[in-house]
Amino acid sequence: MKYPDHLVKQVKERSASYQLEGFLSGQGPENPKFMLLGEAPGETEMHNGIPFSGRAGKQLMGFLERIHVTREEVYITSAVRSRPYKWREKKERNGEIIQKKYNRTPNQGEIIAHAPLLDYELEKINPKLIVTLGNIGLQRLTGKDKKITDVHGQLLKQPIQKLKDMQSAEFTWSEKEYHIFPTFHPASIFYNRSLLELIYEDLEKLKRYVIKN
129 MKYPDHLVKQ
139 VKERSASYQL
149 EGFLSGQGPE
159 NPKFMLLGEA
169 PGETEMHNGI
179 PFSGRAGKQL
189 MGFLERIHVT
199 REEVYITSAV
209 RSRPYKWREK
219 KERNGEIIQK
229 KYNRTPNQGE
239 IIAHAPLLDY
249 ELEKINPKLI
259 VTLGNIGLQR
269 LTGKDKKITD
279 VHGQLLKQPI
289 QKLKDMQSAE
299 FTWSEKEYHI
309 FPTFHPASIF
319 YNRSLLELIY
329 EDLEKLKRYV
339 IKN
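The opening position of the sequence shown corresponds to residue 129 in my numbering, with each subsequent residue numbered one higher.
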């Protein structure tokens, strides 16, 4: 999606104090089957400019195939549009210790700084359904009270959080109600393989909803 230049400029200014790099726009059709909302791009996405193109992205594409939906039929975006990183020491094969950037989860300040972009996308796309991946995407829309372990696989219908205004660091609630379907982030199975069966169950529910609508 092409964002207004002034909006991107403002978001980058709001983000300047955080450890973020690059910028990746949301991608997909204007009238998608649903919107996919992740947390933030990683190193791979920054290199090739494609959302969910790393290891988690390959897993996500497998999930979409399972419900007979293609990447081209969904709009893919994230709560934060730049890569959050942290520095860590890494030992090379030759024994040398180097500093290396690693992906990390975005913090609340970064989510608020990038909030105007998601608000803009939601207004322009007006998705019939938003599939949130993990806690970051879910809580960006519904607030901190909901956790993915409690509501995954459920169809929620409710207002969502939107930034009060560009000068604000606070959310307010939308007048409109949105359909939200939370499930686990595809990367979660790399750390907890037992979640895979729960994700498959969620996908079956999502598939039935997409077929009906």
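Each residue gets a CB set at the ideal place from its N, CA and C atoms; glycine is no exception. The model shown is predicted, which means the values in this text are computed figures rather than measured ones.
Problem set entry | W215 versus R209, K229, P132, V202, residue with shortest Cα-Cα distance | Residue numbering aside, residue 215 sits at position 87 when the sequence shown is read from its first letter. Answer by Cα proximity: K229.
Exercise. Roughly how far, in whole angstroms, is the beta-carbon of R268 from the beta-carbon of A207, given that I think they are within contact range, below 8 angstroms?
Worked result: Counting from one through the sequence shown, the residue named residue 268 turns up at place 140. Counting from one through the sequence shown, the residue named residue 207 turns up at place 79. With a Cβ gap of about 4 angstroms, R268 and A207 count as contacting.
Exercise. Going by DSSP, what residues sit across from L148 in a beta bridge?
Worked result: Within the sequence shown, numbered from 1, the residue matching residue 148 stands at position 20. BP columns for L148 point to P212.
Problem set entry | Bridge partner(s) assigned by DSSP for I204 | As a working note, residue 204 is residue 76 in the sequence shown. In the DSSP output, where bridge partners are listed per residue, I204 has Q155, L164.
Exercise. On the premise that L152 lies in contact with P169, defined as a C-beta separation below 8 angstroms, what is that separation, rounded to the nearest angstrom?
Worked result: Indexing the sequence shown from 1 puts residue 169 at position 41. Indexing the sequence shown from 1 puts residue 152 at position 24. Correct: roughly 5 angstroms between the Cβ atoms.
Exercise. Which residues mark the beginning and the end of the alpha helix (DSSP H) in which I253 is found?
Worked result: Residue mapping note: residue 253 aligns to position 125 of the sequence shown, counting from 1. I253 -> alpha helix (DSSP H) spans 243-253.
Problem set entry | Whether L165 touches G265 by CB criterion (7 angstroms) | In the sequence shown, counting from the first residue as 1, residue 165 sits at position 37. In the sequence shown, counting from the first residue as 1, residue 265 sits at position 137. Cβ atoms of L165 and G265: closer than 7 angstroms.
For this session: Compute the distance between the beta-carbons of P160 and V202, then report whether it is under 7 angstroms.
Result: Translated into positions along the sequence shown, residue 160 becomes position 32. Translated into positions along the sequence shown, residue 202 becomes position 74. Yes. Within cutoff.
Exercise. If we ignore side chains and look at the alpha-carbon of each, how far apart do E141 and I339 end up?
Worked result: Along the sequence shown, one-based indexing puts residue 141 at 13. Along the sequence shown, one-based indexing puts residue 339 at 211. Between the alpha carbons of E141 and I339 lies a gap of roughly 42 angstroms.
Exercise. For T172, does the three-state DSSP call read helix, strand or coil?
Worked result: Counted from its first residue, the sequence shown places residue 172 at position 44. Helix at T172.
For this session: Using the DSSP secondary-structure output, state which residues sit across from Y306 in a beta bridge.
Result: Walking along the sequence shown from the start, residue 306 turns up at place 178. Answer is Q286.
Problem set entry | Secondary structure of F299, DSSP reduced to three states | Against the sequence shown, residue 299 aligns to sequence position 171. In the structure shown, F299 sits in a strand (DSSP, three-state: E or B).
Problem set entry | K275 to N263 span [Cα, whole Å] | Residue mapping note: residue 275 aligns to position 147 of the sequence shown, counting from 1. Residue mapping note: residue 263 aligns to position 135 of the sequence shown, counting from 1. Answer to the nearest angstrom: the Cα atoms are 6 angstroms apart.
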